[in-house]
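Just so we're aligned, residue 6 is where the sequence shown starts under the numbering used here, counting upward by one. Positions of the beta carbon are idealized from the N, C-alpha and C atoms, including for glycine. See below for the structure under consideration.
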Amino acid sequence: MSVSFTLDWKYDAQTNEMIVDLEKEVNRSQKENQTVKLGINWLFEPTINFYRKTQNLNWLNEVNRDGIEGDFDYYYILEKDYEKIKNFNLEIIKQYPLSKSILLKKSNFTNNNEKF
């Protein structure tokens with residue numbers, strides 16, 4: 006039997022995949038030795054900080070449970086959180102349908118055509 010998530014933690018099923026995607030994006034677009042601020046839904050905090058420490062992700066600042074309304078380089082949120090930050094001038098990098106989450110980054114344009 007293969008289990009990719011538990012019923013209680015389905016929201017966290019694709020967090021590791023998001024970390025891989027974020028690292029690729031950061032390597033492509035950030036300056037060398039620049040650290041990244043990631044705004045998150047508080048539910049993701051333990052898992053992201055676990056990966057940060059165990060995978061030596063020194064380029065990623067420690068995340069906290071203070072919310073997503075701050076000034077961050079990237080955002081990892083649940084789809085239901087999108088309304089709170091839709092006017093932040095962000096670009097969707099990837100959507101994760103199983104966990105109903107989204108990875109976004111600051112953008113030079115606003116795409117008002119995104120629907121969930």
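Counting the other Cβ atoms within 10 Å of the Cβ of G75 gives fewer than 16, which makes it exposed. Comparing alpha carbon positions, the residue from I53, E96, F77 and I73 closest to D86 is I73. Remark: three or more beta-carbon pairs, one from each stretch, lie closer than 8 Å, so the segment 45 to 63 and the segment 14 to 30 are flagged as touching. When C-alpha distances from Q39 are compared across L65, D17, N46 and N92, the shortest belongs to L65. In terms of Cβ geometry, F55 and Y81 do not form a close pair [threshold 8 Å]. Per the DSSP secondary-structure output, Y56 pairs with nothing in a beta bridge.
Nearest to E84 by alpha-carbon distance, out of S104, S34 and F93, is S104. The alpha carbon of K42 has as its nearest neighbour, out of Y79, D17, Q19 and E22, the alpha carbon of Y79.
S112 is classed as exposed because its beta carbon has fewer than 16 other beta carbons within 10 Å across all chains shown.
Within the same chain, Cβ atoms closer than 6 Å to the Cβ of T52 are found at D17 and T20, the five residues on either side in sequence being excluded.
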